[in-house]
Amino acid sequence: MSETASTDTESGVDEKSRRDFLYVSTAAVGAVGSAIAVWPFIDQMNPAADTLALSSTEVNLEPIEEGQSITVVWRGKPVFIRNRTAAEIAAAAKDDTAELIDPQADADRVKKPQWLVMVGVCTHLGCIPLGQKTSEPKGDFGGWFCPCHGSHYDTSGRIRKGPAPKNLHIPAYTFLSDTSVKIG
Amino acid sequence: MSKQFKNPVLNWIEYRLPIFSFLDDSVGSGYPTPKNINYWWNFGSIAGFILVVMIASGIVLAMHYTAHVDYAFNSIERIMRDVNYGWLIRYIHMNGGSMFFIVVYIHLFRGMYYGSYKAPRELLWMIGVFILLAMMATAFMGYVLPWGQMSFWGATVITNLFSAIPIVGDSIVTLLWGGFSVDNPTLNRFFSLHYLLPFIIVGLVFIHLWALHEHKSNNPLGVDIKGEQDLIPFHPYFTSKDLYGLSAFMIFFMAIVFFAPNLFGEPDNYIPANPLATPPHIVPEWYFLPYYAILRAFTKDFFLYWPVAWLITAKLAGVIAMFASILLLLLMPWLDGSKVRSSKFRPIYAMAFWIFILDCLVLGYVGGKPAEGAFIVIGQIATAYYFAHLLVVIPLVSRLERPRPIPESISAAVLAARAPQAGE
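Those protein sequences? They're chains B and F, same order as listed. Using the numbering used here, you'd call the opening residue of the first sequence number 1 and step up by one each time. Using the numbering used here, you'd call the opening residue of the second sequence number 1001 and step up by one each time.
Below you can see the structure in the form of structure tokens.
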């Protein structure tokens, strides 16, 4: 016991820092290794390859008449496609200067003013707003109304009143021709 | 201390694994209990019993359930119609969830009234709050499994809460869903976690009981145990009292299972999930309604939101407030500065307690109503009061109120009650 103690004292400082270094570096390598090993167990929860593969939808616009809306499914979510009337387009453009919760010009939300394409999911908590059918309530601004917590959207799909923080989301889409659009 | 038995087999086991003395010291004659605890102390053991019932019925249901969006709803209907006693087991499991929350809420409010959260039982109380959180996660995911309209839209609304988190919110929601909306991957992982979490709860209950046994039960007088004269053995006195209370509770439970099995449910959940049509009125299960009311109270014109309006959205404020409403309970032992535990000796605090109960009931009522008109204002006032109670009323009342004189000990109080006026 006393022999060991004396050995320690002789090379005390040196031995201790060497040992500390080994402790810290071993623990650090172990921690990094564990963190790397955990990542696959978290990332497996993200969308799988086949789920990602289902990420575009083509839609024929021909049967949609002016003032009519259709709902298509894209990535498991509804997408609203509306053939807007001239009055709706005018109302949307006029409100560009109104007080908006999430300010955005109508022109920035469409590729062709006639066609409004947006994800039909309320930006509050994910309910589907009403207003696609003529019989459904359209809210105070003539667009859409979310029944869950009372968000009102205008004819450009912009949030005007209620708890939702953002305008209805515009997905990536391209016009393949005048009468056909590809979403995603 | 190892025990001695007449039976040599028991002695042989006890010598190698002292399980009999462990059981006896935990729930037997070797566990001393305050002699004055009342019927409000039954609810802990009833909650433990329901946990066992939920695990047993759940394991059996999992033998017949199919976790797939195309089959889940029908597999539940098959359990209800074709599986032997499937209807009974499912109604037990479905209503058992509601029973669990009724019992645990009573258990929690009992702890609040009698000051059971105070030193040296702070950790015991905090573990209890974590059990409540684990129960909520389990109940939420279990409600999604039948894949009805309320299942689907409840899952959508609740997972979307996380999208309120700045910057990483949307990535977290995608991670939770395993896709771009609530879909088959979501259902599968919810089933997996719904099966796992009850066993986590068992683990939490174990350390809850461990902490309980260290300083023993609190009691209606809230005074410390002074010695042997304050205690009686758990068995047979409280095993029999707990069984009596459990029997009474089972009458209530079974009356609902057999005569009103859908009382706590939403009719909309018997409509198969439709991702393209939201039900007009989404409500969570009753035990979540107060938190739901707090979540919805946060709109642009709510005065509690104004101080943080420059920093965060109303939606994020609502989400934070909802989680805070439960997490603040963790701080109860320190928010309450009174040295006296039981509300019996704290009349003003007792009054505040009952107002708080009323406030929780109002929140629950408002949470079940559509967010319009007077309900919005009532919900906002009740939300403000909920936080005022925890953060203002408790700290102030507990520090300013002069409590009534507390008895010297449990046995002194019991003896005084048995010999009325004799000593006075």
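Built from N, CA and C at the ideal position, the CB exists for glycine as well. From a predicted model like this one, the values you see are computed outputs, not experimental measurements.
- When Cβ-Cβ separations below 7 Å define contact, L1187 (chain F) makes no contact with chain B.
- By the 16-neighbour rule on beta-carbons within 10 angstroms, Q44 (chain B) is exposed.
- Contact annotation for I81 (chain B) against chain F: no contact, minimum CB-CB distance about 14 Å [criterion: below 8 Å].
- Taking the beta carbon of N46 (chain B) as reference, the chain F residues within 8 Å of it are T1174, L1175, G1178, listed in sequence order.
- If you keep only unbroken alpha helix (DSSP H) runs of at least 4 residues inside the region 73-130 of chain B, you get 86-94.
- Taking 8 Å as the upper bound for CB-CB distance, S1338 (chain F) and S1398 (chain F) are in contact here, some 4 Å apart.
- Within its own chain, the residues whose Cβ lies closer than 7 Å to the Cβ of K1035 (chain F), once the five positions on either side in sequence are excluded, are D1230, L1231, I1232, I1410, V1414, listed in chain order.
- Using a C-beta cut-off of 8 Å, the region 1242-1256 of chain F makes no contact with the region 1154-1168 of chain F, since fewer than three inter-stretch Cβ pairs fall below that distance.
- R1081 (chain F) sits in a helix when the DSSP states are folded into three classes.
- The contact set of I128 (chain B) on chain F, defined by CB atoms closer than 8 Å, consists of L1276, A1277, T1278 in chain order.
- By the Cβ neighbour-count rule, E62 (chain B) is exposed, with fewer than 16 other Cβ atoms within 10 Å of its own.
- With distances taken between CA atoms, P47 (chain B) lies nearest to F:S1171 out of F:S1171, F:H1235, F:R1296, F:V1053.
- Proximity of chain F to T134 (chain B) at the Cβ level (cut-off 9 Å) is not reached, the minimal Cβ distance being about 16 Å.
- Boundaries of the alpha helix (DSSP H) around C1360 (chain F): 1347-1367.
- Three or more beta-carbon pairs drawn from the region 1073-1082 of chain F and the region 1143-1151 of chain F are found closer than 8 Å, and the two stretches are therefore classed as touching.
- S1181 (chain F) belongs to the set of residues whose beta carbon lies under 7 Å from a beta carbon in chain B.
- Nearest CB-CB separation between T1313 (chain F) and chain B: below the 7 Å threshold.
- In this structure, DSSP gives L1197 (chain F) a helical state, which the three-state scheme calls helix.
- For E58 (chain B), the secondary structure class from DSSP, reduced to helix, strand or coil, is strand.
- A87 (chain B) and L168 (chain B) have their C-alpha atoms roughly 20 Å apart.
- If you draw a 10 Å sphere on the C-beta of G1179 (chain F), you find 16 or more other C-beta atoms in it, and that means buried.
- F:T1156 is the residue among F:Y1091, F:L1132, F:A1352, F:T1156 whose C-alpha sits nearest the C-alpha of A1277 (chain F).
- One Cα belongs to S1021 (chain F), the other to G1096 (chain F), and the distance between them is close to 32 Å.
- In terms of beta-carbon proximity, K182 (chain B) stays away from the interface with chain F, with every pair separated by 7 Å or more.
- Between the region 1389-1404 of chain F and the region 1348-1357 of chain F there are three or more C-beta pairs closer than 8 Å, enough to call the two in contact.
- Residue-level contact by beta carbon fails for G131 (chain B) and chain F, as no gap is shorter than 7 Å.
- By the C-beta density criterion, T1033 (chain F) is buried, having at least 16 other C-beta atoms within 10 angstroms.
- Proximity of the region 124-142 of chain B to the region 1002-1020 of chain F falls short of the contact definition, fewer than three beta-carbon pairs being nearer than 8 Å.
- DSSP places D1242 (chain F) in the uninterrupted alpha helix (DSSP H) bounded by 1234-1259.
- Around the beta carbon of P1198 (chain F), 16 or more other beta carbons lie within 10 angstroms, which makes this residue buried.
- Distance from the CA atom of F141 (chain B) to the CA atom of E58 (chain B), rounded to whole angstroms, is 30 Å.
- Listed along chain F, the residues sitting closer than 9 Å to V73 (chain B) by beta-carbon distance are P1275, L1276.
- Its Cα nearest to that of Q68 (chain B), the residue B:G143 stands out among B:P163, B:P40, B:G143.
- Per DSSP, the beta bridge partners of Y153 (chain B) are B:W144, B:I159.
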